[in-house]
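Novice: The sequence shown begins at 1 in UniProt numbering and counts up by one. C-beta: ideal position from N, C-alpha, C; glycine also. Starting off with a structure, shown below.
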Amino acid sequence: MYSFVRSRKFDKVRLHANTPSAGRAVSEEWQKSGRVEECLRHHKKYKMKATYLFTVLATLVCEWCSATSLLETIKHDLQIVNKDNFNTVINKFRNEKVFTVLFFKKSNQDIKKVIENYNQVSKKFKGIITMCIIDCDLNMSICNNELSHYILNYNTNNNYHILIYPINPMPKFLFNEEINENNIKKYTYLIPSKIDIIKENKDFHIFISKYENIPKVLIFSNKNKPNYILNALSNHFNKKLLFCFINNNITDLVIKYNINLFPSLLIFKKNKIIDIYKGKFNFLDIFDWLNIHSETFVFGGGFDISPDKNIEKPWKFQLVPKFTKLSYGDICFKKADKGLCLIYLKEGDKLEKFEVDMLLSLKEKFKPHIDGRVAEKKTDAVTSFPRSGKKTDAVTSFPRSGKKTDAVTSFPRSRKKTDAVTSFPRSGKKTDA
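This is the structure in structure tokens:
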């Protein structure tokens, strides 16, 4: 910086020095004018100021270095936690994730190598277990709160420590083993699973009928349960994808979906397979594949999942679907403009085998006319709506004339409601049945 003043002895502008270059300029001017003594005094004064300034800067640098964490000198991919974000990073998500936290001080023996090794292990479990680290020199209160219950005389202890935080309500605990992949892998059993285990065909039909708008991941395996990679994926895509695990012993499903290799992953949406995974079986590759098919789905928003729609629909996958208040729309009346509906009425919850065979045979007989739909309902009578007036052995037929029979009531096209069964004509308008 420079400042200009008018000299009393010299009728010209003299430059006052606030910088080294300015100081040299002033010295040269004074030497030319014969003022050598004043020039020497100026140099001495400037040297003292420079020394003082250097001392202050050195002090500030030392203070800054002492406040800098060792983590800033190490290249790593660890999640750093501190007194400000500990709750938001860890405690807030303990209902769904597993964490490990390395607590260290600069004075710990070989701590730099320990951190580098910890970082290498964390790369193997990226996305599976969240591995964190905290500098206790800068966050003494947090370290004391977290470790004092597990480490005797923690304040005088000069070792690093690792705590594992499983999902709530399980308490955190101390990790006392060597830091390596195998020892960390022992605790992957703590990862929660959001995968439905399919034990029989009925379970599968219930699963694929849930939340029709959400894509579903079908996992075929020759193992008895999902591994930690699949469990971690199910947590990451919670409310975006639904997962089910199918053992190869359920041969009907294995044959149906033409599964020849285990494990196999398929994406199922709107009653059909839309993609098959063909990559390596590791977390990151599968994650990228699933991420393409995932959809943002927040329960209570995003899609209409009001109680009347948020129900399982097993009747969609039954050979002879059961006719109820919940199923009538899917079975018959959403397609009322495409044919007539056949309803078999019977007491009891289940059909006998001969009844199933009879209804399937009848369904096949009238398939061109009734769009292949057959249903059952618990009552005392039998109602049939084929286009021909021909009566069968198992059901009573209703010809178009609307003539009433002895067993049931026929409903002509007038849409008039009676006491026995309510007919829904081609308009698709539904009644109380």
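DSSP beta-bridge partners for L163?
Specialist: As a first step, residue 163 is located in the sequence shown; it is residue number 163 there, counting from the start. In the DSSP output, where bridge partners are listed per residue, L163 has V101 and L174.
Novice: Using a 10 Å radius around the Cβ and a threshold of 16 neighbouring Cβ atoms, would you call F299 buried or exposed?
Specialist: As a first step, residue 299 must be located in the sequence shown, where it is residue number 299. Confidence at F299 is low in this model, with a pLDDT of 44, below 50, so its placement is unreliable and the value that follows should be read with caution. By the neighbour-count rule (16 or more Cβ atoms within 10 Å), F299 is not buried but exposed.
Novice: Rounded to a whole number of angstroms, what is the C-alpha to C-alpha distance between I206 and K97?
Specialist: Position 206 of the sequence shown holds residue 206. Position 97 of the sequence shown holds residue 97. Taking the straight line joining both Cα atoms gives about 28 Å.
Novice: Could you have a look at V217 and say whether DSSP puts it in helix, strand or coil?
Specialist: Within the sequence shown, the letter at position 217 stands for residue 217. Correct three-state label for V217: strand.
Novice: Should F323 go down as buried or exposed, given a rule of 16 or more other Cβ atoms within 10 Å for buried?
Specialist: Translated into the one-based positions of the sequence shown, residue 323 becomes position 323. By the 10 Å Cβ count, F323 comes out buried.
Novice: Three or more C-beta pairs under 8 Å: does that hold for the segment 102–119 against the segment 150–166?
Specialist: Result yes; three or more Cβ-Cβ pairs closer than 8 Å.
Novice: By DSSP, does G389 sit in helix, in strand, or in coil?
Specialist: Start at 1 with the first residue of the sequence shown, and residue 389 comes out as number 389. Since pLDDT at G389 reaches only 46, below the 50 mark, its modelled position is unreliable, and no value is offered.
Novice: Kindly provide the ranges of any alpha helix (DSSP H) runs that are 4 or more residues long and lie completely inside the segment 266–298, ordered along the chain.
Specialist: If we require 4 residues or more, the alpha helix (DSSP H) runs fully inside the segment 266–298 come out as 283–293.
Novice: Grouping DSSP H, G and I as helix and E and B as strand, with all else coil, what is Q109?
Specialist: Taking the sequence shown and counting its residues from 1, one reaches residue 109 at position 109. In this structure, Q109 counts as coil in the three-state DSSP scheme.
Novice: Taking only three categories from DSSP, how would you classify S264?
Specialist: Within the sequence shown, numbered from 1, the residue matching residue 264 stands at position 264. Strand at S264.
Novice: With a Cβ-Cβ cutoff of 8 Å, do V254 and F220 count as a contact?
Specialist: As a first step, residue 254 must be located in the sequence shown, where it is residue number 254. As a first step, residue 220 must be located in the sequence shown, where it is residue number 220. Taking 8 Å as the Cβ cut-off, V254 and F220 qualify as a contacting pair.
Novice: Compute the Euclidean distance between the alpha carbons of D288 and K126, then round it to the nearest angstrom.
Specialist: Locating residue 288 in the sequence shown gives position 288, counting from the first residue. Locating residue 126 in the sequence shown gives position 126, counting from the first residue. Cα to Cα, the separation comes out at about 13 Å.
Novice: In terms of residue numbering, what span does the beta strand (DSSP E) encompassing L345 cover?
Specialist: Position 345 of the sequence shown, counted from the first residue, corresponds to residue 345. Note, L345: beta strand (DSSP E), L342 to K346.
Novice: Hey, is the segment 118–136 in contact with the segment 194–203, meaning 3+ C-beta pairs nearer than 8 Å?
Specialist: Contact fails: fewer than three Cβ-Cβ distances are below 8 Å.
Novice: Please name the residue in S294, L242, V121 and F237 whose C-alpha comes closest to that of Y211.
Specialist: Here the question's residue 211 lines up with position 211 in the sequence shown. Out of S294, L242, V121 and F237, L242 has the C-alpha closest to the C-alpha of Y211.
Novice: Just confirm the distance between the C-beta atoms of K269 and P321, as a whole number of angstroms; I'd bet it's less than 8 Å.
Specialist: The count along the sequence shown starts at 1 and reaches residue 269 at position 269. The count along the sequence shown starts at 1 and reaches residue 321 at position 321. Between P321 and K269 the Cβ distance is about 22 Å, and since that is not below 8 Å, they are no contact.
Novice: Give a yes or no on whether the minimum CB-CB distance between T156 and chain D is below 8 Å.
Specialist: Of the protein chains in the structure, only one exists, and it is not chain D.
Novice: Could you tell me if T251 is buried or exposed, where buried requires 16 or more neighbouring beta carbons within 10 angstroms of its beta carbon?
Specialist: Taking the sequence shown and counting its residues from 1, the one referred to as residue 251 is at position 251. It is exposed - the Cβ of T251 has fewer than 16 other Cβ atoms within 10 Å.
Novice: Does the distance from the C-beta atom of N222 to that of F283 stay below 8 Å?
Specialist: Against the sequence shown, residue 222 aligns to sequence position 222. Against the sequence shown, residue 283 aligns to sequence position 283. No, they are not a contact pair.
Novice: Which residues does DSSP list as the beta-bridge partners of C132?
Specialist: Working through the sequence shown from its first residue, we reach residue 132 at position 132. The partner list for C132 (beta bridge, DSSP) reads Q79 and V101.
Novice: If I142 and K92 are in contact, beta carbons under 8 Å, what's the gap, nearest whole angstrom?
Specialist: Locating residue 142 in the sequence shown gives position 142, where the first residue counts as 1. Locating residue 92 in the sequence shown gives position 92, where the first residue counts as 1. Wrong, their Cβ atoms sit about 15 Å apart, outside the cutoff.
Novice: Looking only at its chain, what residues have a beta carbon closer than 8 Å to the beta carbon of Y189, apart from the 5 residues adjacent to it on each side?
Specialist: As a working note, residue 189 is residue 189 in the sequence shown. Contacts found: Y228.
Novice: At which residues does the beta strand (DSSP E) containing N85 begin and terminate?
Specialist: Your numbering for residue 85 matches position 85 in the sequence shown. Note, N85: premise wrong, no beta strand (DSSP E); not H, not E.
Novice: Pop quiz: I246 and L218 are said to be a contact at Cβ under 8 Å. What is the actual Cβ separation, rounded to whole angstroms?
Specialist: Sequence index remark: in the sequence shown, residue 246 carries index 246 (1-based). Sequence index remark: in the sequence shown, residue 218 carries index 218 (1-based). Sure, about 6 Å apart at Cβ, within 8 Å.
Novice: Tell whether a beta-carbon distance below 8 Å holds between residue 457 and N235.
Specialist: Residue 457 is absent from the structure shown; the chain starts at 1 and stops at 433.
Novice: With a cut-off of 8 Å on the beta carbons, I'd call I164 and T100 a contact; round off their distance for me.
Specialist: Counted from its first residue, the sequence shown places residue 164 at position 164. Counted from its first residue, the sequence shown places residue 100 at position 100. Indeed they touch by this definition, with Cβ atoms about 5 Å apart.
Novice: So which of Q79, M358, K313 and N85 has the shortest CA-CA distance to K202?
Specialist: Indexing the sequence shown from 1 puts residue 202 at position 202. For K202, the nearest C-alpha among the options comes from K313.
Novice: Provide the residue span of the alpha helix (DSSP H) that contains F204, from first to last.
Specialist: Here the question's residue 204 lines up with position 204 in the sequence shown. N201 to I208 is the extent of the alpha helix (DSSP H) around F204.
Novice: Measure from the alpha carbon of Q318 to the alpha carbon of each residue in I208, I129, T156 and F173, then state which is nearest.
Specialist: Position 318 of the sequence shown, counted from the start, is the residue given in the question as residue 318. Cα-wise, what sits closest to Q318 is I208.
Novice: Please list the terminal residues of the continuous alpha helix (DSSP H) segment that includes L360.
Specialist: Your numbering for residue 360 matches position 360 in the sequence shown. From DSSP, the alpha helix (DSSP H) with L360 extends over K353 to K365.
Novice: Which class does V382 belong to by DSSP, given the choice of helix, strand or coil?
Specialist: Translated into positions along the sequence shown, residue 382 becomes position 382. For V382, the pLDDT reaches just 41, beneath the cut-off of 50, and the residue's location in the model is therefore unreliable, although a value from the coordinates is still provided. V382 falls in the coil class under three-state DSSP.
Novice: I'd like the list of long-range same chain contacts for L102, defined as Cβ closer than 6 Å, with 5 residues on each side in sequence excluded.
Specialist: In the sequence shown, the residue the question calls residue 102 occupies position 102. Hits under 6 Å: Y118, I133 and I162.
Novice: Identify which residue in K123, Y187 and L71 has its Cα closest to the Cα of I167.
Specialist: Residue 167 sits at position 167 when you count from the first residue of the sequence shown. Per the Cα distances, Y187.
Novice: How is the beta strand (DSSP E) around I197 delimited, first residue to last?
Specialist: In the sequence shown, the residue the question calls residue 197 occupies position 197. Here the beta strand (DSSP E) through I197 covers I195 to I198.
Novice: Would you kindly work out how many angstroms separate the C-alpha atoms of C244 and N213, rounded to a whole number?
Specialist: For this step, residue 244 is matched to residue 244 along the sequence shown. For this step, residue 213 is matched to residue 213 along the sequence shown. If I take the Cα positions, the gap works out to 16 Å.
Novice: Are the beta-carbon atoms of D77 and K124 separated by less than 8 Å?
Specialist: Residue 77 sits at position 77 when you count from the first residue of the sequence shown. Residue 124 sits at position 124 when you count from the first residue of the sequence shown. Result no, Cβ atoms of D77 and K124 do not sit closer than 8 Å.
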